[in-house]
Amino acid sequence: MSKINIKHKDIDHAIVETTRPVLYRCMKYWGKKPHNVWYEYINNYVPMQGVFLDPFGGSGMSSIEAIRSGKKAICLDINPLTSFIFDVLCLEFDQKKFSAVANQLISEVICDNTYKQLFYYRNELVLHNAKYKSGKCYECCFINEVSGEKFVQCPKDIDLQVIIDSINIKIPYSYPNFKFRDSDAFNSGLKNKIGSDFSKLYTTRNLYALSLIFDKILNVNDENIKMQLLFAFVQTVHLSTRMCVPRSKETKRDFSTSWGRSAYFVANSEMEMNPLLLFQNNCFGKQSVTSCLNSLEKYVGKIKGKKILNNSPIDLSEDYNLWYGVVDSKRLSLIVPERSIDFVLTDPPYGGLIQYLDLSTIWLSWLSLYKPDQYIPDYNEEITINKNSTAAKFQDDMTQVLKEVQKVLKQESKMVLTFNNKKMDVWNALLSAVQFSGFEIEKVIHQQNKRSGESNVADMYGTSATDFYIRCKKSNSLPKTLSNRELENLIIKTATNIILSRNEPTPYQILLNGIIAQISEEHIIFDNVDFRIKNILEKYIGSIFTIENNIDSLAGNYWWLIGKKYDPSNGKTLSNMVKLEIQKLVSNGIISETEILKKIYRKFQNGNSPDIVLVKKYIKMIKEGYKS
Numbered sequence: 072m073s074k075i076n077i078k079h080k081d082i083d084h085a086i087v088e089t090t091r092p093v094l095y096r097c098m099k100y101w102g103k104k105p106h107n108v109w110y111e112y113i114n115n116y117v118p119m120q121g122v123f124l125d126p127f128g129g130s131g132m133s134s135i136e137a138i139r140s141g142k143k144a145i146c147l148d149i150n151p152l153t154s155f156i157f158d159v160l161c162l163e164f165d166q167k168k169f170s171a172v173a174n175q176l177i178s179e180v181i182c183d184n185t186y187k188q189l190f191y192y193r194n195e196l197v198l199h200n201a202k203y204k205s206g207k208c209y210e211c212c213f214i215n216e217v218s219g220e221k222f223v224q225c226p227k228d229i230d231l232q233v234i235i236d237s238i239n240i241k242i243p244y245s246y247p248n249f250k251f252r253d254s255d256a257f258n259s260g261l262k263n264k265i266g267s268d269f270s271k272l273y274t275t276r277n278l279y280a281l282s283l284i285f286d287k288i289l290n291v292n293d294e295n296i297k298m299q300l301l302f303a304f305v306q307t308v309h310l311s312t313r314m315c316v317p318r319s320k321e322t323k324r325d326f327s328t329s330w331g332r333s334a335y336f337v338a339n340s341e342m343e344m345n346p347l348l349l350f351q352n353n354c355f356g357k358q359s360v361t362s363c364l365n366s367l368e369k370y371v372g373k374i375k376g377k378k379i380l381n382n383s384p385i386d387l388s389e390d391y392n393l394w395y396g397v398v399d400s401k402r403l404s405l406i407v408p409e410r411s412i413d414f415v416l417t418d419p420p421y422g423g424l425i426q427y428l429d430l431s432t433i434w435l436s437w438l439s440l441y442k443p444d445q446y447i448p449d450y451n452e453e454i455t456i457n458k459n460s461t462a463a464k465f466q467d468d469m470t471q472v473l474k475e476v477q478k479v480l481k482q483e484s485k486m487v488l489t490f491n492n493k494k495m496d497v498w499n500a501l502l503s504a505v506q507f508s509g510f511e512i513e514k515v516i517h518q519q520n521k522r523s524g525e526s527n528v529a530d531m532y533g534t535s536a537t538d539f540y541i542r543c544k545k546s547n548s549l550p551k552t553l554s555n556r557e558l559e560n561l562i563i564k565t566a567t568n569i570i571l572s573r574n575e576p577t578p579y580q581i582l583l584n585g586i587i588a589q590i591s592e593e594h595i596i597f598d599n600v601d602f603r604i605k606n607i608l609e610k611y612i613g614s615i616f617t618i619e620n621n622i623d624s625l626a627g628n629y630w631w632l633i634g635k636k637y638d639p640s641n642g643k644t645l646s647n648m649v650k651l652e653i654q655k656l657v658s659n660g661i662i663s664e665t666e667i668l669k670k671i672y673r674k675f676q677n678g679n680s681p682d683i684v685l686v687k688k689y690i691k692m693i694k695e696g697y698k699s
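Start counting the sequence shown at 72; every next residue gets the next number (the working numbering).
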């Protein structure tokens, strides 16, 4: 008999994101979520010794936060990279032994004659990076290995000659050598530029250095150390590609780069980093394996993990606090006991917004050379939208997963999905999946994340780059179907109510967020509304709505009501109420921006969410006023 959850108070407001600990900064994974926000949800909804489930585990952060809060966690994902991360995190870490092996390996690479010719060809100087524009090197950055001094130079003849000579290097070691998949991630523009071989994402000298490092890792006898070195290696791989670009001179970061786009590409400007220096930093630097694993036990306690193999069922009575593995969540109930889960919080695929498996290929391609039976993904199982998979297929797949979640979730327990996509047909697909799988949407919260928000939206007529948190409970109710006229009336009514509630001109983005939340909470399926919300609202410009330019943010132009006088001095406008609230908080001694934002998020929710850029402006202005 499953236990009924202890009653808890629901979270109905956004939570302020805090800085990520090093544990979450050492490994790149697309779509990482704010750890503290998820901790608050898990801690609130899962009783002590309760069981948390994430059927789309991704980076594994949610399960780590569950363990940190004293709960058992189940982390499943079809991406083998998720399992690899936990393969490493569950190992014992002997820093002294790791350092000895890593330093010996680095020394052996430095002594390799070919590596010397490619990167150590200027006496005491080691090449840190070379920058290219339109295929021509225009700048080289070096480190003096004796003094540690860094400096930037225009390339000399010897630098250019080494680049020319490196093209014909023979590589005697293993490396990923296969064709790009026929998928959206490997588009025709990429193939036209560099060809179809995966290895062409690297320069020849970088591929040599990577394959040499990789070969030496595979020859390490200690399996724990080998896995930990591979962890450092996969952090190195993407930063050694031609996809990394130089930062602008204004940043004064000549020695740093990133793979900053969730796509495979080779830009006109490229930055060729020295893989060995990257690897060394990923072993011992601020965001390294050493930093990560040393902080792990202090942050989360002991992870006692059991890997799920061959879809074997989980026994929750066993002495583990984590079960993880490569599992297709469409078959979830074969693995997870019925009615055993206290809470589900998950970040499902955002339609085709991010092609997770394809993007992970950059790492899995190397890991699969180590263990092909564990690290080759099954692309056919991925839930996504691309040229081979439609929104209808996405809906069917998500419905299957959520039906499985329904089976394993306790009767009174909740499920929260984070989601965002600017295409309304994708939204409809998700909402349909939720409601046709036996769930009812209870609340939709617009979560303002630290790294993006209404004011950072590039496409002001899409949904925000921040997320909606969709809280669901079990239900047998069916979704409502509305006529086009009824849907139009609901959209106009919701937009009007948001503006009236705020009592001031309102950015389009906030209107859109509020409309989506309202439609979702009323259990409405809105077929064929891909851009109808925008079109419907614009039909009534001049009769119900009027538009004003918004120069303060990228959240879209201001919308106001015809026939209603706007008085910016009115104390009942949202802006003035927010200002007054901030003044009260500051006068009561609350001066931390984080603490102020927490209070503001609680008091002003969803349709009454203020523009976060303006809130921060008010905080600064009011705090400075009190100082003077």
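Note that CB positions come from ideal geometry on N, CA and C, so glycine has one too.
Rounded to the nearest angstrom, what separates tyrosine 629 and glutamate 619 at their Cα positions? 5 Å
Under 8 Å Cβ to Cβ from tryptophan 109, same chain only, skipping five residues before and after it: list those, please. Met132, Ser133, Glu136 and Leu416
Between aspartate 638 and phenylalanine 675, what straight-line distance do the alpha-carbon atoms span, to the nearest angstrom? 20 Å
Going by other Cβ atoms of all chains shown within 10 Å of its Cβ, with 16 needed for buried, is alanine 463 buried or exposed? exposed
Quick check on isoleucine 135: does DSSP put it in helix, strand or coil? helix
Apart from the five residues on each side of it in sequence, which residues of its chain come closer than 8 Å, Cβ to Cβ, to glutamate 179? Lys287
Let's see if you can read the secondary structure: which residues bound the alpha helix (DSSP H) around lysine 674? 664-674
Would you say the segment 543-561 touches the segment 572-579, given that touching needs at least three Cβ pairs under 8 Å? no
Short of 7 Å in beta carbon distance, which residues of its chain neighbour glycine 141, apart from the five on each side in sequence? Order them along the chain. Met119
For asparagine 451, count the other beta carbons within 10 Å of its own beta carbon; 16 or more makes it buried, fewer makes it exposed. Which is it? exposed
Could you give the distance in angstroms between the alpha-carbon of tyrosine 335 and the alpha-carbon of methionine 314? 7 Å
Rounded to whole angstroms, what's the CA-CA distance from cysteine 363 to tyrosine 370? Just pull it up for me. 10 Å
Taking 9 Å as the cut-off, decide whether the C-beta atoms of proline 707 and proline 384 are in contact. What is shown of the chain runs 72 to 699, which leaves residue 707 out entirely.
If threonine 461 and alanine 504 are in contact, beta carbons under 8 Å, what's the gap, nearest whole angstrom? Rounded, the Cβ-Cβ distance is 14 Å, inconsistent with contact.
Tell me whether the beta-carbon of methionine 344 lies closer than 9 Å to the beta-carbon of leucine 289. no
In the DSSP assignment, what are the bridge partners of glycine 376? Leu393
Give every residue of the same chain whose Cβ lies closer than 7 Å to the Cβ of glutamate 592, excluding the five residues on either side of it in the sequence, and list them in chain order. Ile512, Lys514 and Val515
Unbroken stretches of the alpha helix (DSSP H), 4 residues or longer, contained in the segment 142-202: 151-160, 166-181 and 184-190
Consult DSSP for proline 578 and reduce its assignment to one of helix, strand or coil. strand
Starting from threonine 455, trace the alpha helix (DSSP H) in both directions and tell me its first and last residue. Premise fails: threonine 455 is in no alpha helix (DSSP H) and is neither H nor E.
Would you call glutamate 117 buried or exposed, if buried means 16 or more other Cβ atoms sit within 10 Å of its Cβ? What sits at residue 117 in the sequence shown is valine, not glutamate. Classification of valine 117: buried, given that the 10 Å Cβ count is 16 or more.
Going by beta-carbon coordinates alone, are asparagine 50 and aspartate 81 separated by less than 9 Å? The requested residue 50 does not occur in the structure, where the chain is confined to residues 72 to 699.
Do valine 360 and alanine 303 have their CB atoms nearer than 9 Å? yes
DSSP puts valine 487 in a beta bridge; with which residues? Leu416 and Arg542
Am I right that threonine 312 and tyrosine 273 are in contact with their C-beta atoms under 8 Å? What's the rounded C-beta distance? 6 Å
So which of Asp148, Leu124 and His106 has the shortest CA-CA distance to proline 92? His106
Which residues in the same chain have their Cβ closer than 7 Å to the Cβ of phenylalanine 490, if we skip the five residues on either side of it in sequence? Pro419, Tyr421, Leu501, Asp538, Phe539 and Ile541
Give the secondary structure of isoleucine 653 by DSSP, where H, G and I count as helix, E and B as strand, and everything else as coil. helix
Measure how close the beta-carbons of serine 640 and glutamine 426 come, nearest whole angstrom, since I'm counting them as under 8 Å. With 8 Å as the limit, serine 640 and glutamine 426 do not qualify as a contact, their Cβ atoms being about 50 Å apart.
On the DSSP letters alone, give me the boundaries of the beta strand (DSSP E) that cysteine 354 sits inside. Careful: cysteine 354 lies outside any beta strand (DSSP E), inside the alpha helix (DSSP H) at 346-355.
Could you check if alanine 588 is buried or exposed, using at least 16 other CB atoms within 10 Å of its CB as the buried criterion? buried
Using the rule of at least 16 other Cβ atoms within 10 Å of the residue's Cβ for burial, across every protein chain shown, is valine 472 buried or exposed? buried
Touching by the beta-carbon criterion (3+ pairs, under 8 Å), the segment 144-157 and the segment 383-397: yes
Could you round the C-beta distance between tyrosine 244 and serine 270 to whole angstroms and report it? I think they count as a contact, below 8 Å. So it is not a contact: roughly 12 Å between Cβ atoms.
Can you give me the C-alpha to C-alpha distance between serine 333 and proline 448, rounded to a whole angstrom? 19 Å
So what does DSSP say about histidine 84, is it helix, strand or coil? coil
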